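A.B. asks: One structure, pasted below without further comment.
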Amino acid sequence: MTGGRSTGETAANQVAAVVVTYHPAPSCADLVTALSAQCQWVVVVDNGSSPEELQPLREACARTGAHLAEMGGNLGIAAAQNLGIKRARELGAHWVLLSDHDSVPSPGMVDQLLAAFRADQRDDPGSDSCGVAAAGPLVGEDRQGRDQLVYVARRWGPRRATPEELAQPYLTVAFLIASGCLVSMEALDRVGPMREDLFIDHVDLEWGLRARRAGYRLVVATGTPMTHRLGDEVVRLPGRRQPVHVHAPVRSYYLVRNTVRLLRSGLLPVAWRVGYTVWLAKYTAFNAALADRRRQRASALAHGLVDGLRGRGGPRP
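Taking the UniProt record's numbering, the leading residue of the sequence shown gets 1, the next gets one more, and so forth.
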């Protein structure tokens, strides 16, 4: 057995971390080392990085016993996650911890997320629900705004949690940011894999919607922090409390296309479809008029809208 956990631990706590990398910084090797101390196995799936970029990871994997799978090209985050989950299942894992290459897990994070599943079993033994499918940490950013990425279900769709809600030890949420998310293998077997045709963006949201439709709950362990970066940069708009996350123009394509596909998927309640339509209009207006590289963004937005209406998936042509 690889990883830093004791062989005396029960099988019910066997966790495999699945780290998806894409042009990772050398510091990603530290992430592999940190996760090896908390998980029985670490599986690194790389989406087409160069040999030079992968060298620190290769050394870290050799040192810790982690598994490295090289995709040979960028097949998307969902395909990489599914490959890692498949390998975790082969290894005998009961739980999968998903991670991006730029997330920073706190010490003891995995044990604290496992405790969220145990707490649900104690607190709600007679519930008709399937229980908790996945538990995530309190994801926050380490830059301007210190934004916390926790979304609860509201009338018009997922919205940021209030300080009062975040005061609860375990908060039921609308969906979980994939990075840092601990998913039970049982839920993955029942809900199904990540949607590879989405490629990137809304993959975690779409899986969360399917899990909730199947009767599962998604929870955040609010006392378990983790830093993560969403988008390339953030900007502050007058009159808006929360910062706006700005991605590269190509991500505008995926966000628009996949939002349109979600709107047409049947997974969203009627009020949520209205809310996401309004969000899509605001997102398009901001990126077309106020963000940098407006010509590139306008092209990406237009192609994303057309391909979303056509139901096109996979990488951007």
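Every residue, glycine too, gets a C-beta built ideally from N, C-alpha and C.
Just so it is clear, the structure is predicted and the values come from calculations on it, not from any experiment.
1) Kindly list the residues whose CB is nearer than 7 Å to the CB of Glu196, restricted to its own chain and excluding five residues on each side of it in sequence; keep chain order.
2) Spatial neighbours of Ala288 within its chain, please: C-beta separation below 7 Å, excluding the five flanking residues on both sides.
3) Buried or exposed for Val306, going by 16 or more other Cβ atoms inside 10 Å?
4) In angstroms with no decimal places, state the Cα-to-Cα distance between Arg210 and Met185.
5) Pairing CB atoms from the region 15 to 26 with CB atoms from the region 34 to 44, are three or more of them under 8 Å?
6) Closest to Thr277 by CA distance: which of Arg310, Asp120, Pro249 and Leu263 is it?
7) On the three-pair Cβ rule with 8 Å, is the region 97 to 107 touching the region 219 to 230?
8) Please state whether the Cβ-Cβ distance between Gly275 and Trp156 is less than 8 Å.
9) To the nearest whole angstrom, what separates the beta carbons of Thr172 and Val219, a pair I think is in contact under 8 Å?
10) According to DSSP, simplified to helix, strand and coil, what is Arg159?
11) Are the Cβ atoms of Asn74 and Tyr151 separated by less than 8 Å?
12) Ala88: buried (16+ other C-beta within 10 angstroms of its C-beta) or exposed?
13) Please confirm whether Gly72 and Gly136 have their CB atoms less than 8 Å apart.
14) DSSP beta-bridge partners for residue 319?
15) Are Tyr170 and Ala116 touching if we call contact CB-CB under 8 Å?
16) Could you pull the DSSP bridge partners for Leu171 from this structure?
17) Counting only runs of 4+ residues fully inside the region 245 to 283, write out the alpha helix (DSSP H) ranges in chain order.
18) Determine the direct distance from the alpha carbon of Leu91 to that of Pro315, and round the result to whole angstroms.
C.D. replies: Checking against the coordinates, here is how it stands:
1) Gly76, Ala78, Ala79 and Asn82
2) Arg294, Arg297, Ala298 and Leu301
3) exposed
4) 15 Å
5) yes
6) Leu263
7) yes
8) yes
9) 6 Å
10) strand
11) no
12) buried
13) no
14) Since the first residue of the chain shown is 1 and the last is 317, residue 319 is not available in this structure.
15) yes
16) Val220
17) 249 to 263
18) 30 Å
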